[in-house]
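Report on the following structure.
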Amino acid sequence: MSAQLSEVRRDGNTLAVPFERPRVRPAKALRYELHVTAADIADVVTGIGGWLFDRALAGWHVSVAADDGADVRALRILGLKPVGLEGSWRSAESEVVAMTAVGASRPADHERPGRNGDVVFFGTYGADGLDGAQQVRYRPSAAALAFKGHALTVIGADPAAAGWAETLFRRGRSAGLLDADLVPVC
């Protein structure tokens, strides 16, 4: 129960009267997850760090699998959860909407992942070998650009490299709830 006050007018006076009503909470809440896999953390930060930061800030659970020996401070600056390449991403709850982002910084990286949910690719070879891949762009928020600049500094890159737009490649579907903020490039 949550205590609240209600104003009651009586004889020209206003009284604050406490009343209680039951607080309604769902038994289970829908959760959004974004799983990223890439060759290294630098590719993630430079390629889509702003997009991932904004997703994490919006309440998504964002995890990144990259080289186990890599410095994960840049990921933590962006609010991302580092996991090992063998990290388990399976959720016990059925009320999870999952999206996967795959880094394609080498020609062999673009193999289609065998996971359920939506998949986007990023990196130099993002659209190679993917029939019907659509190039999309994301414009990070000012906060995302600021945090991405700090993360770039940690990985030894120029913070000025945090450009105004990040490029991804979407395959096989039109824009929807999960990626409505990704703008198609004509």
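So in the UniProt record's numbering, spot 81 of the sequence shown is number 81, and the numbers just go up one at a time. Using N, Cα and C, we set each Cβ at its ideal position, and we do this for glycine too.
Residue environment, Glu-95, which counts as buried when at least 16 other CB atoms sit within 10 Å: exposed
Please report how far the alpha carbon of Val-102 lies from the alpha carbon of Ala-58, in whole angstroms. 21 Å
Measure from the alpha carbon of Leu-34 to the alpha carbon of each residue in Asp-71, Phe-121 and Leu-52, then state which is nearest. Leu-52
I'd like to know whether the C-beta atoms of Asp-40 and Ala-66 end up nearer to each other than 8 Å. yes
Strand pairing of Ala-65, partner residues [DSSP]: Thr-37 and Val-83
With a threshold of 7 Å, establish whether the CB of Met-99 neighbours any heavy atom of the ligand NAD. Among the ligands in the structure shown, none appear at all, so the ligand NAD cannot be discussed.
When the cut-off is 8 Å and only beta carbons count, does Lys-148 lie next to chain D? The structure shown has no chain D; it contains just one protein chain.
For Ala-56, tell me which candidate among Gly-163, Thr-153, Lys-81 and Leu-168 has the shortest Cα-Cα distance. Lys-81
Report yes if the C-beta distance between Val-44 and Val-36 is below 8 Å; otherwise report no. yes
Select from Arg-31, Ala-142, Thr-167 and Ala-146 the residue whose C-alpha is nearest the C-alpha of Ala-133. Thr-167
I need the DSSP call for Gly-156, collapsed to helix, strand or coil. coil
To the nearest whole angstrom, what separates the beta carbons of Gly-50 and Ala-161, a pair I think is in contact under 8 Å? Rounded, the Cβ-Cβ distance is 11 Å, inconsistent with contact.
Are the beta-carbon atoms belonging to Asp-71 and Ser-141 less than 8 Å from one another? no
Please look up how many angstroms separate the CB atoms of Phe-147 and Ile-77, rounded, as I've assumed it's under 8 Å. 6 Å
Distance between Ala-29 and Pro-22 (C-alpha atoms, nearest Å): 18 Å
Under a three-way DSSP split, which group does Leu-52 fall into? helix
Endpoints, beta strand (DSSP E) assigned at Ala-104: Per DSSP, Ala-104 belongs to no beta strand (DSSP E) and is neither H nor E.
Using a Cβ-Cβ cut-off of 6 Å (strictly less than) and excluding sequence neighbours within five positions of Ser-63, which residues of its own chain qualify? His-35, Lys-81 and Val-83
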